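K.L.:
Following this note's numbering, the residues of the sequence shown are numbered contiguously, the last one being 334. Where a beta carbon is used, it is the ideal one built from N, C-alpha and C, also for glycine. The model shown is predicted, which means the values in this text are computed figures rather than measured ones. First the structure, which I've put down as C-alpha cells, then a few questions once you've had a look.
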Amino acid sequence: MSVFSVKTVKGLVSLAQYGIIEIHLWGAKLPKPEKPDFLIWDLDPDPEVPWNEVLGGAILTRDCLLDLGLHTVVKTSGGKGLHIVLNTKKTLDWDVAKEFTKAVSRQIAAHNPKRFVTTSTKAKRKGKIFIDWLRNGRGATCIAPWSLRARPGAAVSMPINWEDLPETTADGFTLREPSTIPSDWKKLKPQTVTKAILKELGL
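Spelled out as C-alpha cells, the structure:
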C-alpha cells in the first residue's frame with residue numbers, strides 16, 4: 132500500500148500521474164497522525180435493502196449523535212451506501228475513537244435489531260444495513276469526499292446537505308457534477324467527544 136501526504140491542489144492533481152483513481156483518506160492529518168480529525172459511520176446495506184431504508188438509517192445515526200450533542204454531515208459512498216461524518220478535535224487516540232464509534236453503532240443496532248447489524252459477517256448482514264465502525268481504527272481508510280470510484284459510470288463520493296438527503300440516490304453523482312461545497316460542510320467545525328459522552332456510552 133502506498134501512502135501520500137498531499138498539501139496543495141497541484142499535489143492533488145499529480146496523483147493522476149501515479150494512476151490513482153480512488154483517493155482513500157486516513158482519519159488524521161499531519162503533523163499529528165495519532166489523533167484522528169474525523170470519525171465515520173459507513174452504512175453498508177445488503178443488496179436486498181431498499182434505498183429508503185438506507186436514507187432512514189442515516190437519519191437515525193445523525194439523530195443518535197445529535198442526542199449526544201454532536202453534529203454530523205453526510206455524503207454518498209459512491210457505491211450503495213452513505214457515510215455519516217463527525218469532525219473532531221484531536222483529543223482522542225485511535226483506540227478510544229474506535230471504541231466510541233463502535234458503542235454508537237451498537238446502540239443504534241440494539242434499538243433497531245431488524246434493520247442494523249454491527250458485525251461484518253455476511254450471513255448476519257442479510258437483509259440488513261451493516262454499520263461499519265471499523266474504518267475508525269489506526270491505519271483504516273475511507274473514500275475521500277469528491278473522490279471518483281473505479282466503477283462503471285464514474286460515480287463520485289459526494290458531500291450533500293442533510294435537507295437534500297431524501298432526493299439523493301446511491302449512484303446519482305458522477306464526475307460531471309459541480310464540485311461545490313454544501314452549506315452543511317462549510318459550517319462544520321471540530322467538536323470534542325467529551326469524557327461525559329464516553330461515560331454515557333459506558334466507556
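Considering residue 204, what are the terminal residues of the beta strand (DSSP E) in which it resides?
P.N.:
Counting from one through the sequence shown, the residue named residue 204 turns up at place 73. It spans 204-207 - the beta strand (DSSP E) in which residue 204 sits, taken as one unbroken run.
K.L.:
Determine which residues share a DSSP beta bridge with residue 322 and list them.
P.N.:
Along the sequence shown, read from residue 1 onward, the residue named residue 322 stands at position 191. Looking at the DSSP assignment, residue 322 forms a beta bridge with 219.
K.L.:
Is the beta carbon of residue 264 closer than 8 Å to that of residue 310?
P.N.:
Taking the sequence shown and counting its residues from 1, one reaches residue 310 at position 179. Taking the sequence shown and counting its residues from 1, one reaches residue 264 at position 133. No, the Cβ-Cβ distance between residue 310 and residue 264 is not below 8 Å.
K.L.:
Spell out the partners DSSP gives residue 155 in its beta bridges.
P.N.:
Along the sequence shown, read from residue 1 onward, the residue named residue 155 stands at position 24. 274, per the DSSP bridge assignment.
K.L.:
Which of the three DSSP states is assigned to residue 172 in this structure?
P.N.:
On the sequence shown, residue 172 is found 41 positions in, with the first residue counted as 1. Correct three-state label for residue 172: strand.
K.L.:
Below 8 Å between beta carbons: does that hold for residue 256 and residue 248?
P.N.:
By 1-based counting over the sequence shown, the position of residue 256 is 125. By 1-based counting over the sequence shown, the position of residue 248 is 117. Yes, the pair counts as a contact, with Cβ atoms nearer than the cut-off.
K.L.:
Whole angstroms are fine: how far does the CA of residue 163 sit from the CA of residue 179?
P.N.:
Within the sequence shown, the letter at position 48 stands for residue 179. Within the sequence shown, the letter at position 32 stands for residue 163. In a straight line, the C-alpha of residue 179 is about 41 Å away from that of residue 163.
K.L.:
When the distance is taken between beta carbons, is residue 304 closer than 8 Å to residue 232?
P.N.:
Within the sequence shown, residue 232 is the residue found at index 101, counting from 1. Within the sequence shown, residue 304 is the residue found at index 173, counting from 1. For residue 232 and residue 304, no; Cβs fall outside 8 Å.
K.L.:
Classify residue 344 as buried or exposed, calling it buried when 16 or more other Cβ atoms lie within 10 Å of its own Cβ.
P.N.:
As displayed, the chain neither begins before 132 nor continues past 334, which places residue 344 out of reach and without an answer.
K.L.:
For the beta strand (DSSP E) holding residue 261, just list the boundary residues, first then last.
P.N.:
Start at 1 with the first residue of the sequence shown, and residue 261 comes out as number 130. That run of the beta strand (DSSP E) goes 260-263.
K.L.:
Do residue 246 and residue 284 count as a contact pair if the criterion is CB distance below 8 Å?
P.N.:
Working through the sequence shown from its first residue, we reach residue 284 at position 153. Working through the sequence shown from its first residue, we reach residue 246 at position 115. Cβ distance not < 8 Å, so residue 284 and residue 246 don't count as in contact.
K.L.:
Mind checking whether the beta-carbon of residue 204 lies closer than 7 Å to any heavy atom of the ligand ATP?
P.N.:
This structure does not include the ligand ATP; it has no bound ligands of any sort.
K.L.:
Can you tell me which of 323, 194, 271 puts its alpha carbon nearest to the alpha carbon of residue 158?
P.N.:
The count along the sequence shown starts at 1 and reaches residue 158 at position 27. If we check each option's Cα against that of residue 158, 271 comes out closest.
K.L.:
Closest by CA to residue 152, which one among 281, 287, 320?
P.N.:
Numbered from 1 along the sequence shown, position 21 holds the residue referred to as residue 152. Selected option, being the one with the closest Cα: 281.
K.L.:
Would you identify the three-state DSSP class for residue 305, choosing helix, strand or coil?
P.N.:
Numbered from its first residue, the sequence shown carries residue 305 at position 174. Looking at residue 305 - three-state DSSP - the assignment turns out to be strand.
K.L.:
Checking contacts by CB at 8 Å: is residue 292 closer than that to chain C?
P.N.:
Judged by its chain identifiers, the structure shown contains no chain C, having just a single protein chain.
K.L.:
Which residue marks the beginning of the alpha helix (DSSP H) containing residue 238, and which one marks its end?
P.N.:
Along the sequence shown, one-based indexing puts residue 238 at 107. From DSSP, the alpha helix (DSSP H) with residue 238 extends over 225-242.
K.L.:
Would you mind sorting residue 135 into buried or exposed? The rule is 16 or more other CB atoms within 10 Å of its CB.
P.N.:
The residue given as residue 135 occupies position 4 in the sequence shown. By the neighbour-count rule (16 or more Cβ atoms within 10 Å), residue 135 is not buried but exposed.
K.L.:
Taking one C-beta from the segment 172-186 and one from the segment 285-295 each time, how about it: are there three or more such pairs within less than 8 Å?
P.N.:
Too few Cβ pairs lie closer than 8 Å, so no.
K.L.:
Is DSSP giving residue 291 helix, strand or coil here?
P.N.:
By one-based count along the sequence shown, residue 291 stands at place 160. Residue 291 falls in the strand class under three-state DSSP.
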